[in-house]
Amino acid sequence: MSDVTGTELRIVGFLCNWCSYGGADTAGVGRFQQPTDLRIIRVPCSGRIDPLFVLKSLVNGADGVLVSGCHPRDCHYSEGNFYARRRLEVLKRFLPILGIDERRFEYTWVSASEGQKWKTVVSSFTERIHELGPAPVLNPALIKQAEAIL
Amino acid sequence: MKIGVFVCHCGSNIAGTVDVATVAEQARNLPNVAFASDTLYACSEPGQDGIINAIKEHKLDGVVVASCTPRMHEATFRKTVERAGLNRYMFEMANIREHVSWIGKDVEANTRKAIDLVAMAAAKLTHDQELTPKSFSINKRVLVVGGGVAGIQAALDCADGGLEVILVEKTSSIGGKMAKLDKTFPTVDCSSCILGPKMVDVAQHPNITLHTSAEISDIKGYVGNFTVSINRKATYVDNQACTGCGLCMEKCPSKKSTDYFNEGIGTTTAINIPFPQAIPKKAVIDPEFCMKLTKGKCGVCEKVCPTSAIRFEQQNETIEEPVGAIIAATGYDLFDFTRYGEYGGGRYPDVITSMQYERLLSASGPTGGHIKRPSDGKEPKDVVFIQCVGSRDKSVGRPYCSGFCCMYTAKQAILTKDHMPESQSYVFYMDIRAPGKLYDEFTRRAMEEYDTKYIRGRVAMIYPKGDKYIVRGADTLMGAQVEIEADLVVLAVGAEAAKGAPQLAEKLRISYDNYGFYMESHPKLRPVETNTAGVYLAGACQGPKDIPSSVGQGSAAASKVMSLFSKDMLESDPQVSAVDIKRCVGCGKCIQTCPFGAINEMDFRGMVKADVIETICQGCGICTSTCPQGAIQLQHFTDNQILAEVNAICQMSPVQNYE
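If you read the sequences in order, they're chains B and F. Mapping of the first sequence onto the numbering used here: residues 3 to 152, in sequence order. Mapping of the second sequence onto the numbering used here: residues 211 to 869, in sequence order.
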């Protein structure tokens, strides 16, 4: 969509509405300066995040994907983040098999009050993605193949 | 589809670091966008009218507002588009304030990011469906957790309003911390004289059911229809039969039980009524110290009880109560001062907490209202108060101000002089924080009329010398070290979150802050609501509070419940899961994963299919991620909608971009 200037990379964030989206809001209200690379998609619960969303993002050209939900045992829907943790942990181990650097994906727990923590999470993840650089150009044939599977 | 985009300046909040005109201009190039403009304050009346006019003029089917967080104004704008005749779910918000303008100063980067966020919202909007809420009935009973002054006030207000109230208290009597106080600031009136009648009202109110010695073990359900499991601990006394005569207390041979009500100053009997004004006034056996329960011998109370109320065989029991709303009023705990090694770490008998001192001052306390040193029972002459013990101190993890310690220390200094005119009080303080009505005048009275010596500075250490204590600290106004010989040292301990608060928060599905205090829905505009519908907060469980604020919040929470219950039917959020019958293979995975039991099996022409009970579904979407067929979709957050957002961010795929 926007111009890739080389200074900014494309990072997709999936955040649960109750804790981490609130935490990102708290960071904003606190005026905690953060890198601008991250684009946040709001979902009701981290349990709503299908691992395929992460894969689709990475295959479609995202340089990194960050998922964040409520701390375990603190879920608005009582156990959604436990489902998320299982699915995302499996995904993390699965990414190298698909030829994707697993460091481009991370999941964290940030509560609505932890604005400062959110800033740290965003800053360090963005820094990591910048160290890795733009995602390697994927072979168009491979993408077609992957899209057919997805 | 015709989409309208409105980019808000929010004064300079957004326009200061985002080029809003460019964002609107770029938005016009997005697919399906028929109209885009920037507006000074989208949420204001002219701003909303502008949106309505544009919808009518350009015959828009959906609206994107790029402004603040949807957690703030999504509901506002949904109502706006509804007023213009659109379905309220044909609306999306792009958060370009909290997530863009406030976290970066680079105008170019911010503008790019804002355009992206608008594109994401517009992409999602093209997949939005019109949704209509269903209505469901509510159970007009309310549960109040915690019988301190905030919980009492909330329970009484609800009950007076005609609601049925279940009040659950952990200890054997309601009253909380306030019942332990001798006097209150700034009026120096008797605490139990103003709280006592309220406690009696609770006991006598026909609409209030009181469960003492009870805790919440489980909460199921949702707003309007909660089911609460209450665990009643065995008290070994039949509450119906016990008249509170106190004969058992007189005869009980075990006199070494910890006296929790008197903060461990003095002891009590194994069977006891914690204090004379206790509500309910029923005896309770402490199983840790009862000789019948520990050693199988004794049973004196059983023999002397005139109404045969003793039940040594009593067991814990669980009661289930259906309620429609919950008020959490679980209060606070006091900081454990033994963590301060420099103050003796709890080893010096005459270094006590302010609450212990309060019990020494109280006429119903262990000393009958005479100030006696715990070590030798002598009347002290020089009393030193140390403030900010466990508050405003990062080194013990309590960087916040507890708010009321300055005031209760001033009150105790005044009371000390009243009790012992020959005594001299010293107060070590950091700052005096007395912002309430008549509070500052009160602390001045302590200094001027009661000759309390206020010394600004922290105490470095306390050590014993003979039968006295040397309190050594800094006087930062004098710029000198001071040493005071004290007979008694009172530590003004700060407030911290109640023990078990996080565990209850998990059951209530509400969040708590770094210190364990419950989070309100909005710190300014929704101070007694939580993010879980039907759960409200009152008193110090939300943060340290004095009595007037706790009472105020108790009433506020009650009024919130009353307005919730003023309707007979509630509208359910239509953002719930829906099953595509054709795709569903009836595997039942969604039924297994749903945390709320909102999905049933149903028979469809002889085939097993999933069926969502819309009023129970909370809209988390765990089922949607679980379904192998993609047959159950959380409406308004469907796979297609989320992937549309993904595509909007990533649509310049690397292939197009780099080749």
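Even for Gly, the Cβ is constructed at its ideal location relative to N, Cα and C. Everything numeric in this text was worked out from a predicted model, so none of it was measured.
Secondary structure remark: continuous beta strand (DSSP E) runs of at least 3 residues inside the segment 714-771 of chain F, in chain order: 745-747. Separation of F:Thr249 and B:Pro53 (C-alpha to C-alpha, rounded to the nearest whole angstrom) is 38 Å. If you draw a straight line from the Cα of F:Asn449 to the Cα of B:Phe34, it is about 56 Å long. For B:Tyr85, the enclosing alpha helix (DSSP H) begins and ends at 82-96. Distance check between F:Arg655 and each of F:Tyr432, F:Ala858, F:Pro396, F:Lys491 places F:Pro396 closest, using alpha-carbon atoms only. Residue state for B:Gln118 is assigned as helix, using DSSP reduced to three classes. Of all alpha-carbon atoms in F:Asp546, F:Met409, F:Val447, F:Ala451, the one lying nearest the alpha-carbon of F:Pro486 is that of F:Met409. Residues of the segment 48-77 of chain B with a Cβ closer than 7 Å to any Cβ of chain F, in chain order: Gly49, Arg50, Ile51, Asp52, Phe55, Lys58, Ser59, Asn62, Gly63, Ala64, Arg75, Asp76.
Shown here for F:Gln524: same chain residues with a beta carbon closer than 6 Å to its own, the five before and five after excluded, namely Ala444, Tyr446 in chain order. Within chain B, the residues placing a beta-carbon under 8 Å from that of F:Met330 are Arg41, Ile43, ordered along the chain. The segment 812-819 of chain F makes no contact with the segment 557-569 of chain F: fewer than 3 CB pairs, one atom from each, lie closer than 8 Å.
Taken in chain order, the whole beta strand (DSSP E) runs of length 3 or more contained in the segment 365-410 of chain F are 374-378.
Around the Cβ of F:Tyr553, a 10 Å sphere holds 16 or more other Cβ atoms; the residue is buried.
In this structure, DSSP gives F:Tyr553 a helical state, which the three-state scheme calls helix.
Under the 8 Å criterion on CB atoms, B:Gln147 is classed as non-interfacial with respect to chain F.
Chain F has a Cβ within less than 8 Å of the Cβ of B:Trp20. Closest by C-alpha distance to F:Gly600, out of F:Tyr639, F:Asp411, F:Ala369, F:Leu687, is F:Tyr639.
Contacts between F:Gly726 and chain B, judged by CB atoms closer than 9 Å, are missing: the closest CB pair is about 11 Å apart. Taking C-beta atoms as the reference points, F:Gly314 and F:Thr232 fail to come closer than 8 Å.
Distance from F:Met459 to F:Thr479 at the Cβ level is roughly 5 Å; contact confirmed, criterion being Cβ atoms closer than 8 Å. Close partners of B:Thr38 in chain F (Cβ separation under 7 Å): Gly314, Asp316, Ala319, Asn320, Lys323.
A straight line joining the alpha-carbon of B:Arg88 with that of B:Tyr109 spans about 11 Å.
Under DSSP, the beta-bridge partners assigned to B:Val45 are B:Cys18.
Here the segment 625-640 of chain F does not lie against the segment 744-756 of chain F, with fewer than 3 beta-carbon pairs under 8 Å apart.
No Cβ-Cβ contact shorter than 8 Å links B:Ile13 with B:Arg44. A direct Cα-to-Cα measurement between F:Thr394 and F:Lys621 gives close to 8 Å. The straight-line gap separating the alpha-carbon atoms of F:Asn526 and F:Arg557 is approximately 37 Å. For the pair of segments examined, the segment 353-366 of chain F was found to touch the segment 531-540 of chain F: the number of CB pairs separated by less than 8 Å reaches three. Of all C-beta pairs linking the segment 333-348 of chain F to the segment 372-389 of chain F, fewer than three are shorter than 8 Å, placing the two stretches out of contact. Shown here, F:Gln802 sits in a helix according to DSSP, grouped into three states. Listed along the chain, the chain B residues whose CB falls inside 9 Å of the CB of F:Phe301 amount to none; the nearest CB is some 14 Å away. In the structure shown, F:Pro532 adopts extended strand secondary structure according to DSSP, grouped into three states.
Here F:Gly831 is buried. Its C-beta has 16 or more other C-beta atoms within 10 Å. Under the three-state reduction of DSSP output, B:Gly25 falls in the helix class. Annotation for B:Arg95: Glu104 place their beta carbon closer than 8 Å to its own, counting only its chain and skipping 5 residues before and after. Positions of the beta strand (DSSP E) runs, each at least 3 residues long and wholly inside the segment 550-619 of chain F, are given as 561-563, 592-599 in order along the chain.
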